[in-house]
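Position 158 of the sequence shown, counting from 1, maps to 158 under UniProt numbering, and the rest follow consecutively.
Glycine included, every Cβ here is placed at the ideal spot set by N, Cα and C.
Have a look at the structure below, then the notes.
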Amino acid sequence: MIDQLFRARKTLALIEAADDLKLLEELARGPRRTTELAELTRIAPEVLRDLLELLAWSGVLSEDGERWTLGQEWAPLVGSGGRDGVLPLLRIERWAAEDHLNARGIVAALRGHRCPPEIPRRHVGDLAEAMARGARATAPHVARLPEWRDRRHFADLAGGSGGYAITLCRLHGDLRATVYDRPEMLAHAEKNVAEAGLADRIDLVPWNLTADEVPAGHDSVVLSHVLHLLDADQRAGLLRRVRSALGEGDLVVVHDFLGDQAEQGPEQAALVVDWLANGSGFLLDREGLAAELANAALTAERIVPIKSANTTLMIARCSTTSDWLFS
1 MIDQLFRARK
11 TLALIEAADD
21 LKLLEELARG
31 PRRTTELAEL
41 TRIAPEVLRD
51 LLELLAWSGV
61 LSEDGERWTL
71 GQEWAPLVGS
81 GGRDGVLPLL
91 RIERWAAEDH
101 LNARGIVAAL
111 RGHRCPPEIP
121 RRHVGDLAEA
131 MARGARATAP
141 HVARLPEWRD
151 RRHFADLAGG
161 SGGYAITLCR
171 LHGDLRATVY
181 DRPEMLAHAE
191 KNVAEAGLAD
201 RIDLVPWNLT
211 ADEVPAGHDS
221 VVLSHVLHLL
231 DADQRAGLLR
241 RVRSALGEGD
251 LVVVHDFLGD
261 QAEQGPEQAA
271 LVVDWLANGS
281 GFLLDREGLA
291 AELANAALTA
301 ERIVPIKSAN
311 TTLMIARCST
321 TSDWLFS
């Protein structure tokens with residue numbers, strides 16, 4: 001097993017180097033000769049060919065005569081090199097690995113270091129595209145919840161790309177949404193909302209996750225992949241602000257990772273280590289998250305696992321009690 005891990009790390013370095021050189025984006029447009037790629041990268045053809053051959057051995061590329069193409073498995077992953085591909089996520093993961101998701105970062109987090117919840121501005125574009133791709137896979141699960149039938153206006157806090165707002169508004173014709181996030185992220189959401197033809201039903205408001213109050217005027221809130229960015233005190237503060245903005249019986253939908261709702265193993269550990277490394281300590285099970293909601297007068301009613309994403313929806317209501325139950 002350890003040999004497989006070593007090989008995976010080295011292969012990932014090869015792929016990241018290819019991305020740095022814009023090779024994957026270029027090959028997503030079509031086959032290219034070594035000389036063409038050498039001109040693009042400003043690397044001598046005989047030197048660049050060594051990298052191309054290693055990528056071919058790894059299955060990332062394929063050589064067809066004198067031309068290079070993306071490998072059979074990689075072509076659909078890279079897509080056109082844009083929003084439907086994995087390159088934005090590859091870049092986000094690389095940033096995290098270099099910044100804090102490494103041995104030094106994990107040890108620092110265990111000793112009390114906290115990473116800020118905001119990703120650096122230079123990576124916002126990649127994050128927006130990665131979030132949009134993720135939302136296309138999981139937002140339909142949120143949109144199909146029956147609890148939306150009597151809702152009129154929901155707040156999507158730290159809503160990023162606007163993917164959840166778009167999906168919910170498409171499925172529910174009477175629903176409005178307001179996406180709250182940092183201005184540079186909203187620039188990407190604005191483009192997505194306009195392309196979806198929903199600018200008349202989805203508002204975009206600049207907002208700070210850890211400092212700003214949640215504006216009134218909503219009857220529901222979505223927190224998708226938000227709580228794991230925050231430590232326990234920050235989560236408690238955010239949930240109190242959410243509760244203050246809503247009325248009795250209003251809806252809160254939390255979408256996140258819960259340790260007892262996914263099959264435990266290497267795949268789940270690889271997901272959860274992010275929250276260990278960023279210092280948030282978000283290693284909650286169903287009861288733990290329900291208790292945090294209850295402390296903010298939010299009653300957890302039921303959960304809906306999304307097995308394809310190894311995530312869980314927790315549906316809660318605003319309540320004056322601190323009890324919780326699951327159906």
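Item: Every unbroken alpha helix (DSSP H) within the stretch 57-124, with a cutoff of 4 residues, ordered by chain; Value: 74-78, 87-99 and 103-110
Item: CA-to-CA distance, residue 67 to residue 264, given in whole angstroms; Value: 43 Å
Item: For residue 224, the first and last residue of its enclosing beta strand (DSSP E); Value: 220-224
Item: The stretch 151-164 contacting the stretch 126-140, beta-carbon criterion three pairs below 8 Å; Value: yes
Item: Nearest-angstrom Cα separation, counted from residue 61 out to residue 256; Value: 35 Å
Item: Residue closest to residue 248, alpha-carbon to alpha-carbon, out of 220, 271 and 229; Value: 220
Item: Runs of beta strand (DSSP E) wholly within the stretch 176-216 (minimum 3 residues, chain order); Value: 176-181 and 202-206
Item: Beta-bridge pairing of residue 316 - partner residues as DSSP gives them; Value: 252 and 300
Item: Three-state secondary structure assigned by DSSP to residue 135; Value: helix
Item: Assumed close pair residue 199, residue 193 - CB separation to whole angstroms, cut-off 8 Å; Value: 5 Å
Item: Nearest residue (CA-CA) to residue 230, options 218, 114 and 71; Value: 114
Item: Environment of residue 317 [buried if 16+ CB atoms lie within 10 Å]; Value: buried
Item: Length of the line joining the Cα atoms of residue 35 and residue 45; Value: 6 Å
Item: Residues bridged to residue 155 [DSSP beta-bridge criterion]; Value: 178 and 221
Item: Contacting residues, own chain, Cβ-Cβ under 8 Å from residue 78 (five flanking each side not counted); Value: 24, 25, 27, 28, 70, 85, 86 and 87
Item: Whether residue 211 touches residue 295 by CB criterion (9 Å); Value: no
Item: Buried versus exposed, by CB contacts within 10 Å (16 or more), residue 139; Value: buried
Item: Beta-ladder partner(s) of residue 305, from DSSP; Value: 312
Item: Residue of 175, 185 and 215 minimising C-alpha distance to residue 202; Value: 175
Item: Contacting residues, own chain, Cβ-Cβ under 6 Å from residue 277 (five flanking each side not counted); Value: 100, 101, 105, 106 and 109
Item: Neighbour-count burial assignment, residue 13, 16 or more Cβ in a 10 Å radius; Value: exposed
Item: Three-state secondary structure (DSSP) of residue 1; Value: coil
Item: Contact under 9 Å by Cβ, residue 271 with residue 141; Value: no
Item: Range covered by the alpha helix (DSSP H) that runs through residue 280; Value: That residue, residue 280, is in no alpha helix (DSSP H); it is neither H nor E in DSSP.
Item: CA-to-CA distance, residue 145 to residue 309, given in whole angstroms; Value: 17 Å
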